[in-house]
Amino acid sequence: MIMRILLAAIAATVSFSAHAQATAVVAGRDLNWVAIGMFLLIVAVTLLITYRSAGRTKSKADFYTAGHEITPLQNGLAIAGDFLSAAAFLGISALIYATGFDGLIYALGFLTGWPIVLFMMSERLRNLGSYTFADAASFRLDRTSVRLVAATGSLVVVLFYLIAQMIGAGKVIQLLFGVNYLFAVVGVGLLMIVYVAVGGMQATTWVQITKALLLLIGGTLMALVVLWRFDFSLGRLFTEASRVHPKGAAVLSPGGLFAEPVSAISLGLALVFGTAGLPHILMRFFTVSDFAGARKSVFYATTCVAYFCLVIPLFGFAAMVVLMPDASFFNVGAGGQFNKITDLIGGPNMAAVHLAGALGGPILLGFISAVAFATILAVVAGLTLAGASAVSHDIYGQVIAKGDAPEAREVMVAKIAAVAIGIVAVGLAITFENQNVAFMAGLALSVAASCNFPVLAMAIFWRGTTTRGAVAGGLVGLFSSLLFVVLSKTVWVAVFHFAAPLFPYDNPALFSMPLAFLVIWLGSLSDRTARATAERRAFDAQFVQSEIGIGLSEGNNALAGVAR
Amino acid sequence: MPLSLSSEQTRKILSNPSFRELTAARARLRWGLSIVTLLMFFGFIGLISAASSALGKSMAGGAVPLGMSIALGMIAMVVALTGYYVRRSNTYFDGLTQLVRRECGR
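Protein chains in written order, with the working numbering: chain A, 496 to 1059; chain B, 64 to 169.
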């Protein structure tokens, strides 16, 4: 009941915000009614989804996993919706706009994580856990300590990723709709809190599916418009792009971003293995009924992400050709001079949005803006849900209450956690508005690759892993990746203003990830306690269950609250 | 430590020939495909730092640069590899899993 009232209040706030927008147009730009109409429609549809999901979200299985009743195709779309953030859609097209070929390599790294998730993670994870990846990591290891490490890793990843997304969201919405930053961040925060706290996984999933479909339609539409503009000739697109770009023909070959092998490999590792350690992605495998469903959903998700890796470069290169020669897209300096990359109105992140306007007029511009907005909402909702689950299922349910918490109370804790995480994220997004936060998304991926991934992989694949090794390795991975980032150029020089970085590379994964594996290995190998012996012996039973699934342990209650 | 299977059940399944066939074949596929995927991506990164200018050249007769063609090929490969794994699982591993479950009396 309280939630329903909250919903009504939100609906009122949002319609007020639309009114506020109408009066707060950025000077010199006309109000785009298509964008605002689409934006209101998306808000209305997602709130309706949430309202309908609210009645069906009672048990913990409902809240965390939509009752394990999502189909593989739905889940595949939702995973793509969870994964393809505004950073992927606007950010990678901007990266390609600015650097050409290098941006494409970045997209490839994002994509390459998916087969790894499929081969190594999805099926075993579904067989060993039921709500969060910590279930699988602590299957045969100590419930309290391993879970705490996994939950801490999850929360750190979720929070950094969330702040990066929120700041990006605030800036994008500010530009798209002309509302001020504070208003945009609070609005996004309120919406995501409502989706998650009221509708749980059911609502979050359908928000993600809606967004994935919008992104597919919008992306395809724009790709067709772009291809039509260049007579369906990629050769023409590339030739014209290299003619207008300041880098010239160099945009067609790999350059600065990946020229130095150590940095390139480190970034590559974070992109590939970070994906396999993102808690909000891993959590999605529990929404399907069995391991075959988990596997199929990754295939659908991979296909979706791959499709975007094909169309996003089109936007980047076409934006060079269409925008760069036209001064009206830029903040032109006093002498009529402008930088073709940094002086783009709204920054390079707006390249795809400007391109939509240039090629398809205000209708396509409005549609793509609304798609970008939906993209933001789906990703932050998924993150908030993953964070809330780490708090309520892992920390409260399993560590504090030792698996004996009444179900209704655990769900209540999850809802409170969702509200709290939302408020913290909004607060931090407001605090860090003008800080350089580009490192935060990278940091989230590095922590995921250096803490979550090694702990999970070693626990499910190596018999020798013991609690001591997993806890030590997880903590070393977590803190070493944090420390290396703080000491690197992006924080040590850019934020703290020291003269030179103490850690020479931007991305720590090449060092922190192997370090975590090494510590897990050494810590486990040297563990001679009786518990370690029992844990190694328990690997056989875990192995059987991970291979042939939970259908086998029908009627067994020993795992109640842990694996079922 | 809560575990679902008794040690006797576990031993029985571990020594089941169908289970051994399933796990051995799946392990080969899993690690084989993972290595192919990782070699492909990190090999490409290696190629970039070794021969970046060559990748910008177009192939004979076409206007699409070589590196771009490789990247597009890799995108197709990723979908093909995941598709192959899923297909193999649907047609072979799932049947074996059912067989193991039946043979082990559940």
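All C-beta atoms, glycine included, are put in the ideal place defined by N, C-alpha and C. Just so it is clear, the structure is predicted and the values come from calculations on it, not from any experiment.
Worksheet item: In terms of alpha-carbon separation, which member of A/G772, A/S728, A/L923 and A/K791 lies closest to A/P567?
Response: A/K791
Practice prompt. Please check if any C-beta of chain A sits within less than 8 Å of the C-beta of B/L102.
Written response: no
Fill in: Test item: CB-CB of A/L860 and A/A851 under 8 Å
yes
Discussion item. Using 8 Å as the threshold, is the C-beta distance between A/V641 and A/A631 below it?
Written reply: no
Discussion item. Suppose you measure from the CA of A/F934 to the CA of A/V986; what does that come to, to the nearest Å?
Written reply: 8 Å
Worksheet item: Could you give the C-beta distance for A/A744 and B/G119, rounded to a whole number, given that I count them as a contact under 8 Å?
Response: 7 Å
Discussion item. So the candidates are B/A90, B/R74, B/F105 and B/K75; which of them puts its Cα closest to the Cα of B/R151?
Written reply: B/A90
Worksheet item: To the nearest angstrom, how far is it from the Cα of A/M953 to the Cα of A/C946?
Response: 11 Å
Fill in: Which of helix, strand or coil DSSP assigns to B/S121
strand
Item to complete: Could you list the residues in the region 588-609 of chain A with a C-beta less than 8 Å from some C-beta on chain B, going in chain order?
Response: F596, L599, I600, L603, G604, L606, T607 and W609
Worksheet entry | A/W609 versus A/L940 - alpha carbon distance | 14 Å
Worksheet item: Short check: CB of A/S1019 to CB of A/F998, under 8 Å?
Response: no
Discussion item. Against chain A, with Cβ distances strictly below 8 Å, would B/S115 count as a contact?
Written reply: yes
Worksheet entry | N-terminal and C-terminal residue of the alpha helix (DSSP H) that B/G75 is part of | A small fix is needed here, since residue 75 of chain B is Lys in this sequence, not Gly. Counting along the chain, the alpha helix (DSSP H) containing B/K75 begins and ends at S70 to L77.
Worksheet item: Cβ of A/D1062 within 8 Å of Cβ of A/V874?
Response: Nothing can be reported for residue 1062 of chain A, as the shown portion of chain A is limited to 496 through 1059.
Practice prompt. Find the nearest neighbour of A/W723 within the set A/M907, A/L854, A/F824 and A/F534, judged by alpha-carbon distance.
Written response: A/L854
Item to complete: Run the proximity test for B/A88: is its beta-carbon closer than 7 Å to any non-hydrogen atom belonging to the ligand ATP?
Response: The ligand ATP is absent from the structure shown, which contains no ligand whatsoever.
Fill in: Cβ-Cβ distance between A/V866 and A/G713 below 8 Å
yes
Item to complete: Compute the distance between the beta-carbons of A/G624 and A/F824, then report whether it is under 8 Å.
Response: no
Worksheet item: How many whole angstroms separate the CB atoms of A/I611 and A/A771, which I take to be in contact at a CB cut-off of 8 Å?
Response: 5 Å
Worksheet item: By the 10 Å Cβ neighbour count, where 16 or more other Cβ atoms means buried, how is A/G964 classified, buried or exposed?
Response: buried
Worksheet item: Relative to the C-alpha of A/M616, which residue among A/G877, A/A787 and A/V894 is closest?
Response: A/A787
Worksheet item: Between A/A646 and A/I890, is the Cβ-Cβ spacing less than 8 Å?
Response: yes
Worksheet item: On the three-pair Cβ rule with 8 Å, is the region 95-113 of chain B touching the region 726-733 of chain A?
Response: no
Worksheet item: Name the chain A residues that come within less than 9 Å of B/A134, Cβ to Cβ?
Response: F596, L599, I600, A602, L603, C804 and P808
Item to complete: For chain A, find out if any of its Cβ atoms is closer than 8 Å to the Cβ of B/P128; answer yes or no.
Response: yes
Worksheet item: Can you give, in chain order, each stretch of the alpha helix (DSSP H) that sits fully within the region 536-592 of chain A and has at least 4 residues?
Response: 555-560 and 567-578
Worksheet item: Opposite A/F825 in the DSSP bridges: which residues?
Response: A/L839
Worksheet item: Does DSSP classify A/G523 as helix, strand or coil?
Response: Confidence in A/G523 is poor, its pLDDT being 38 and thus under 50, which makes the residue's placement unreliable; the coordinate value appears in the next sentence. In this structure, A/G523 counts as coil in the three-state DSSP scheme.
Practice prompt. Reducing DSSP to helix, strand and coil, say where A/P774 ends up.
Written response: helix
Fill in: Cβ neighbour criterion (16 or more within 10 Å) applied to A/T926
exposed
Practice prompt. Can you give me the start and stop residues for the alpha helix (DSSP H) that A/A1033 sits inside?
Written response: Where A/A1033 is concerned, there is no enclosing alpha helix (DSSP H), given that its DSSP letter is neither H nor E.
Worksheet item: At least one CB of chain A closer than 8 Å to the CB of B/G146: is that the case?
Response: yes
Item to complete: Spell out whether any CB of chain A is found under 8 Å from the CB atom of B/R165.
Response: no
Discussion item. Tell me the DSSP secondary structure of A/P901 in three-state form.
Written reply: coil
Discussion item. Just to confirm the assignment, what range does the alpha helix (DSSP H) spanning A/F786 have?
Written reply: F786 to L818
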